[in-house]
Structure formats: structure tokens, C-alpha cells
Amino acid sequence: MIYLTIFTASIFLYISLTWNRRKKTTKQKAQEVKTPEKWKKILLEKVTFYKGLNDEKRLRFESDIQNFLREIKITGVQVEVTLEDRLLVASSAVIPLFGFPEWNYTYLNEVILYPSSFDRNFTIGSKEEIITGMVGNGPMEGKMILSKPSLHLGFDISNDKRNVGIHEFVHLFDKEDGIIDGIPPGYDSRAYSLPWIDFMRVKTEQIMHNQSDIDEYATTNRQEFFAVASEYFFERPHLLKKKHPVLFKELSTIFNQDTTEVIDQDLFKKVIAPGRNDSCPCGSGQKFKRCCLN
């Protein structure tokens with residue numbers, strides 16, 4: 037763990053230089069294209085990350101959304117694809133790369149929405165295996181499949197630390213160096229990859245011994261550890277920073293963003309119901325028992 041932190045100060049520069057050499061993005065610069073008010077309304081209601089941005093960054097988020105939807109096909113299998121679906125898919129893609137405005141996903145050309153979970157043979161509603169998201173390879177190279185209900189559930193802020201859309205796009209982020217292996221882009225060098233692998237091993241052992249609140253699916257393999265930890269980073273950053281400060285610091289470097297500056301931790305405080313004699317929260321000035329309790 038100590039060995040890992042030695043590299044934190046310099047690794048962002050290494051990642052930036054490596055990626056800048058590796059590819060030039062096709063992402064267009066922010067244009068004077070007005071975002072429809074209907075889109076903004078959906079984003080404000082459904083996407084906590086967008087809601088936490090200042091006005092300038094919201095404009096960039098909207099521009100990134102437009103670019104994604106312009107370049108990536110979104111289709112439905114046995115399900116209608118609505119505007120809200122499209123915006124949630126695009127938000128899932130934009131959030132992990134928001135710290136790198138010039139970057140785009142190399143290995144994606146289509147996102148496919150299913151009406152429910154599926155299995156590895158793409159059988160919808162299978163009882164043998166339950167998959168809610170998948171990044172394709174082989175014949176499915178360039179494709180991503182998402183369960184539409186799970187996509188929406190991921191953007192429910194009461195849904196703890198899970199977001200299947202972000203999870204799958206983190207796999208694509210992982211793949212930017214050519215392979216999904218749980219080693220982030222820019223960590224190709226042994227000097228960076230070995231400490232990160234060792235760190236993942238330690239954290240995985242903690243999960244397996246019930247010494248961590250990170251979802252146990254992270255113990256599946258290195259790829260899933262990175263994706264699950266990243267979901268936590270984007271969904272509940274304040275809690276991650278409190279319980280796993282080193283992991284939070286590394287993910288902040290990997291994604292070049294501090295999500296505690298975007299996500300309001302007060303959103304997750306338990307709502308305490310008013311007592312019978314407390315003032316009614318509706319603002320009437322009456323006691324709760326004489327107002328909305330009735």
C-alpha cells in the first residue's frame with residue numbers, strides 16, 4: 037500500500053503523455069449547439085453527477101452528450117429506446133471520461149438495450165445466469181449490451197454504490213490500452229502496474245474476509261475489481277474517501293477528477309421522519325400531527 041502511493045504524484049503526467057501519444061480524439065470541441073430544454077430537465081432529474089456541476093462544466097457535459105449520441109448508435113431489442121434511455125446511456129459514457137475532455141472511446145460503435153437481464157448466450161430473461169451489462173468481443177466487438185431496467189436503477193441515488201452503465205464504460209476505459217485487464221490506461225509500465233496489481237490483491241483479500249464494504253463481485257477478477265471500485269468512486273465518493281482513502285486517491289488520479297467536488301454527500305443522509313409534535317415540513321406552521329400526518 038505504501039509502495040503504491042509513491043507513484044501517485046507523477047503518474048498523472050505519465051498517463052496524460054501516454055494517452056496523448058496513443059490517440060487523437062474525434063471528439064469535437066464545444067460548439068454553439070443549444071441543448072434542448074427537455075434534455076436538461078431529464079439530466080437534472082436523473083443524473084446526480086450533472087446536477088453537481090457548475091454552469092460551465094454542465095455546458096461541456098451537454099456537449100459531450102451530444103457528441104456521444106452523434107457518434108454511437110443506440111438500439112433496442114424487444115424494447116423501445118426513449119430519449120431518457122439515450123441520455124442515461126450517454127451520461128454513463130461521459131462521466132468516467134469527464135476528467136479527460138479530449139478523449140473518446142475507441143472500442144465502441146453501438147450500445148444495445150435489452151428489456152431485462154440476459155445470459156452469456158444473449159438469452160433474455162434466462163434463469164440460469166443473470167447478466168445486466170456486457171462489453172462485447174469477438175463477433176460482438178464494438179458492442180455493449182445493457183439491461184434497460186438496470187441502467188435506470190443505476191441512476192437512482194438511493195441504489196447504494198452500483199451503476200451498471202458506468203461499470204461497463206469503465207471496462208471500455210480499461211480497454212483503451214488494447215485489453216480489459218483491470219490495469220488502467222497509462223499503467224502499462226511495470227513500475228506502475230505491479231504496485232496497482234498488488235494493491236488490488238490486498239483489497240480483494242479484505243473483501244473475501246468480510247473486512248470491506250466493497251461489493252464482493254469485485255473479487256471475481258482484476259477487471260471486475262477495477263469496475264466495481266470505480267462505480268463506488270462515482271456513486272458514493274465521500275464514503276469511499278472515508279473508508280478507503282488510498283483507493284480514492286488512486287482513482288482520483290486514474291480518472292483525473294475529484295468526485296467529492298461533484299456529488300453532494302447530503303443526498304445520502306437518512307431522512308428522519310418528523311415527530312408528531314414537530315413543525316410540519318410542508319411549511320404550514322402547524323404541528324405535524326395536526327397537518328400532513330392526518
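So the sequence shown is numbered by my numbering: it starts at 37 and just counts up by one.
Glycine included, every Cβ here is placed at the ideal spot set by N, Cα and C.
Span of the alpha helix (DSSP H) around residue i
i	result
T289	P281 to F291
K109	Unbroken run through K109 is the beta strand (DSSP E), K109 to G112; no alpha helix (DSSP H).
M244	R226 to M244
A129	L119 to L133
G222	Premise fails: G222 is in no alpha helix (DSSP H) and is neither H nor E.
A263	R258 to E271
I193	Unbroken run through I193: none, as it is neither H nor E.
W75	E73 to K82
V200	V200 to D210
Residue i versus residue j - alpha carbon distance
i	j	result
Y253	E297	27 Å
I166	T159	10 Å
L80	Y86	7 Å
P221	D210	6 Å
K179	D155	16 Å
N313	N257	53 Å
V307	N90	Because the pLDDT of V307 is 43, which lies under 50, any placement of that residue in the model is unreliable, and the number read from its coordinates should be weighed accordingly. So the alpha carbons of these two residues sit roughly 26 Å apart.
P343	V171	Any answer about residue 343 is impossible in this case: the structure gives the chain only from 37 up to 330.
K70	D121	20 Å
Q247	K278	15 Å
T295	Q114	36 Å
S162	E92	44 Å
D100	E241	38 Å
N157	E212	25 Å
L144	I290	21 Å
D217	L133	18 Å
Q102	W75	10 Å
K82	Q301	16 Å
T54	P231	Any answer about T54 is weak, because its pLDDT of 48 lies below 50 and its placement is not dependable; what the coordinates show is given next. C-alpha separation (whole angstroms): 18 Å.
P175	T255	28 Å
L119	E98	14 Å
Q259	R226	17 Å
D224	I233	11 Å
D249	E271	14 Å
T62	E138	The pLDDT assigned to T62 is 47, lower than 50, so where the model puts this residue is not dependable; a value taken from the coordinates is nonetheless given after this. Going from the Cα of T62 to the Cα of E138 covers about 8 Å.
T84	K77	12 Å
Residue from the options whose Cα sits closest to the Cα of residue i
i	options	result
L287	S248, F269 and K278	F269
E146	N199, Q242 and L182	L182
E107	A265, T142 and D300	T142
H280	I243, G190, T255 and R258	I243
R237	D192, L283 and K197	L283
H274	K197, I148, N246 and L230	K197
E177	I215, E116 and S99	I215
N36	I131, V115, F136 and W75	An answer regarding residue 36 cannot be provided, because it is not within the stretch 37 to 330 covered by the chain.
G169	V125, S99 and D100	V125
V117	P185, F104, F134 and L149	L149
V130	L95, K163 and Q114	L95
I299	N199, N140 and I193	I193
F235	N140, F261, K74 and D213	F261
E73	L123, L187 and S186	L123
N199	L208, H207 and L187	L187
I110	D302, K184, W232 and E164	K184
N140	G174, F104 and S128	F104
S127	F191, G112 and S153	F191
H332	H245, I250 and N173	The chain is shown only over 37 to 330; residue 332 falls outside these bounds and no answer can be derived.
L189	S153, E164 and I219	S153
N-terminal and C-terminal residue of the beta strand (DSSP E) that residue i is part of
i	result
V9	The requested residue 9 does not occur in the structure, where the chain is confined to residues 37 to 330.
Residues that DSSP places opposite residue i in a beta bridge
i	result
L89	Note: L89 sits in no beta bridge, so no partner.
V147	I110 and M180
I160	F154
Residue i beta carbon near the ligand COA (any heavy atom closer than 8 Å)
i	result
T295	Absence of the ligand COA from the depicted structure is noted, as is the absence of any ligand whatsoever, leaving it without description.
Next on the checklist: I'd like to know if the segment 192–209 and the segment 250–266 are in contact, where contact means that at least 3 CB-CB pairs between them fall below 8 Å.
Outcome noted: yes
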